[in-house]
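Protein chains in written order, with the working numbering: chain A, 1 to 235; chain B, 236 to 470; chain C, 471 to 705.
One structure is given here, and the rest of the page talks about it.
Right under this line is the structure:
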């Protein structure tokens, strides 16, 4: 259990506080990706909140429906619903000019004319990639703990991380960018999920499994963005 | 319990008969909104029936899936499925010329060239608004009775009232008009849901809670349409 | 039980082996319809696999979510997920030129300029129609065995057979062809489902019920395609 040792070292910032911070940053990044997607489609305030909520909580909710698991995250921690509404209203009040027209965080890195757009996009790539890793690893662990077969657990991890954005895009009447933009996103989650399965099979402690699986998925995502790697298509 | 008193007065039309009448009128209005949306997209008979069914029963079904509640309304009262098919076939046979091209009931009140369209639209605003109120209140009450937190119960009420139209629009390949048309619809449901939560917390009897919550949501909707109130957007 | 007799006759190819063969051929045909729909939308490899998986397993999964039934087919037989990935990667490697641009199997039989397209389309009509029949019959039987009312069981059979293609088309940002192309597809499933209900009520053995219901739905579908039968629309 070499990787678990650092987790028990007393730090100024404890691992669980760090984990919470990453989780909050990632959820906010996912919600903002929904807010931006909705703004591009000129949704009203209700639509913006719904699409932000779908992007933030839709993946975990779909996973829980498929696994027949209750309560949902946003039922158990219902205050997050208020946080979501406040985040959306705050963004609508304070961010209005700076961020409009920004491409969604999820890998649509096509060059934009205005510097601010690229800046916002880049700023969101990091928390978005961290969320990809974190939600993949926790989703896979959760499905394994419920006794699902390995491949199913990995698929559940991928669904947790990816399907919020998929539902966001379906409601916005777009083909989901995760299926369309030729950037590795679900693939990074898939590999991270298998790393979780492997590490768990080797008997690693839970914290180390999480750290490694999430780190691998996030790292692969950031590496793919940095190297401008493209997924193959058919033809 | 002042508001509950009228409910126990023997009337020519009993409250539960009135409630049933409102429920039937509202469900028919929701189904017709699906039928009209499908007709605008030139769906075939199967598509029209499916979209009408989604508009009528989709919101309650999604709520029940999220709450892990069975049987669905249309399973417990399976005769409604026959009623739906007959309604659709009847509409296709008898309404064909008069109503084609009518805008959906859910608030798309943009001025239309032909008088009939505006007439049909207006005729459907009333049962549609009654359905908004009724389904919000019953959905919220049902979730409260299952022990959900207040904000979750309100969200379930909103889902009951709004998501039938959302699913209708997704299948018709439109951005859901509830998220897009800048008319208060989900917002009225949201406020009506909180009224249900508040009245229940004050110990009002169930019938009074229903009447007040449904009346508030429906009234706000009709007021918003009458005053041409618009929701803010982002920008 | 006259129809069940042939099922117990020892054949070189046993009925259950034949059933498995039909099931595999039909699932592959459904997956290929997703692959082709995704290719027309220029999805990347991840999108192609997801859409193929939705087309193949989405109908049964939606039925099981509605019936609150677990495990899903692809959880109980998780190897099918690997088969799906291999099928998609194999198709992307080996079929690329020959099949691109082919219309989906589900009845879009509009004349195509190139002979190959029509050939592929025709080749897929048979396994697709067999899948329509098989999945309708098994879905209806399963819902009846869970004690659902007859009309609900038939609807579940239709959902099993049709909703994979519906989810495929929604993710591809199309109006579902089953609701739009005026070809009888869900109607054949509906009639086949009622045949299952009727035969079961008459006490036929399970194998005979399956054979008859599936055969009727598949036969009606092939007959409708052969005679170019069109569903009525509204107007």
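We put the beta carbon where it would ideally sit given N, CA and C, even for glycine.
Closest to residue i by CA distance: which of the options is it?
{"i": "residue 49 of chain A", "options": "A/176, A/89 and A/186", "result": "A/89"}
{"i": "residue 498 of chain C", "options": "C/601, C/545, C/636 and C/529", "result": "C/601"}
{"i": "residue 19 of chain A", "options": "A/232, A/220, A/233 and A/214", "result": "A/214"}
{"i": "residue 174 of chain A", "options": "C/639, C/679 and C/647", "result": "C/639"}
{"i": "residue 399 of chain B", "options": "B/256, B/437, B/261 and B/250", "result": "B/261"}
{"i": "residue 364 of chain B", "options": "B/434, B/457, B/419 and B/429", "result": "B/457"}
{"i": "residue 277 of chain B", "options": "B/327, B/426 and B/418", "result": "B/327"}
{"i": "residue 369 of chain B", "options": "B/330, B/454, B/269 and B/287", "result": "B/454"}
{"i": "residue 446 of chain B", "options": "B/376, B/309 and B/417", "result": "B/376"}
{"i": "residue 288 of chain B", "options": "B/305, B/269, B/298 and B/306", "result": "B/269"}
{"i": "residue 58 of chain A", "options": "A/122, A/161 and A/125", "result": "A/161"}
{"i": "residue 381 of chain B", "options": "A/200, A/206, A/75 and A/203", "result": "A/75"}
{"i": "residue 274 of chain B", "options": "B/361, B/435, B/330 and B/362", "result": "B/330"}
{"i": "residue 124 of chain A", "options": "A/15, A/22 and A/227", "result": "A/22"}
{"i": "residue 227 of chain A", "options": "A/183, A/206 and A/200", "result": "A/183"}
{"i": "residue 320 of chain B", "options": "B/296, B/286, B/295 and B/308", "result": "B/286"}
{"i": "residue 308 of chain B", "options": "B/259, B/434 and B/322", "result": "B/259"}
If we cut at 8 Å on Cβ distances, does residue i have a partner in chain A?
{"i": "residue 667 of chain C", "result": "no"}
{"i": "residue 643 of chain C", "result": "yes"}
{"i": "residue 502 of chain C", "result": "no"}
{"i": "residue 688 of chain C", "result": "no"}
{"i": "residue 422 of chain B", "result": "yes"}
{"i": "residue 596 of chain C", "result": "no"}
{"i": "residue 557 of chain C", "result": "no"}
{"i": "residue 552 of chain C", "result": "yes"}
{"i": "residue 390 of chain B", "result": "yes"}
{"i": "residue 250 of chain B", "result": "no"}
Would you say residue i and residue j are within 8 Å of each other, going by their C-beta atoms?
{"i": "residue 390 of chain B", "j": "residue 81 of chain A", "result": "yes"}
{"i": "residue 526 of chain C", "j": "residue 501 of chain C", "result": "yes"}
{"i": "residue 300 of chain B", "j": "residue 379 of chain B", "result": "no"}
{"i": "residue 189 of chain A", "j": "residue 136 of chain A", "result": "yes"}
{"i": "residue 384 of chain B", "j": "residue 78 of chain A", "result": "yes"}
{"i": "residue 401 of chain B", "j": "residue 466 of chain B", "result": "no"}
{"i": "residue 538 of chain C", "j": "residue 233 of chain A", "result": "no"}
{"i": "residue 450 of chain C", "j": "residue 179 of chain A", "result": "This structure leaves residue 450 of chain C out entirely; chain C is present only between 471 and 705."}
{"i": "residue 428 of chain B", "j": "residue 387 of chain B", "result": "no"}
{"i": "residue 139 of chain A", "j": "residue 70 of chain A", "result": "no"}
{"i": "residue 460 of chain B", "j": "residue 426 of chain B", "result": "no"}
So, does the CB of residue i fall closer than 8 Å to a CB anywhere in chain B?
{"i": "residue 437 of chain C", "result": "Look at the range of chain C in this structure, 471 to 705, and you will see that residue 437 of chain C is not part of it."}
{"i": "residue 547 of chain C", "result": "no"}
{"i": "residue 619 of chain C", "result": "yes"}
{"i": "residue 698 of chain C", "result": "no"}
{"i": "residue 622 of chain C", "result": "yes"}
Would residue i count as contacting chain C if we go by Cβ distances under 8 Å?
{"i": "residue 403 of chain B", "result": "no"}
{"i": "residue 327 of chain B", "result": "yes"}
{"i": "residue 280 of chain B", "result": "yes"}
{"i": "residue 377 of chain B", "result": "no"}
{"i": "residue 71 of chain A", "result": "no"}
{"i": "residue 179 of chain A", "result": "yes"}
{"i": "residue 429 of chain B", "result": "no"}
{"i": "residue 205 of chain A", "result": "no"}
Check each residue of the segment 506-535 of chain C: if its Cβ is closer than 7 Å to any Cβ of chain B, include it; give the result in chain order. 535
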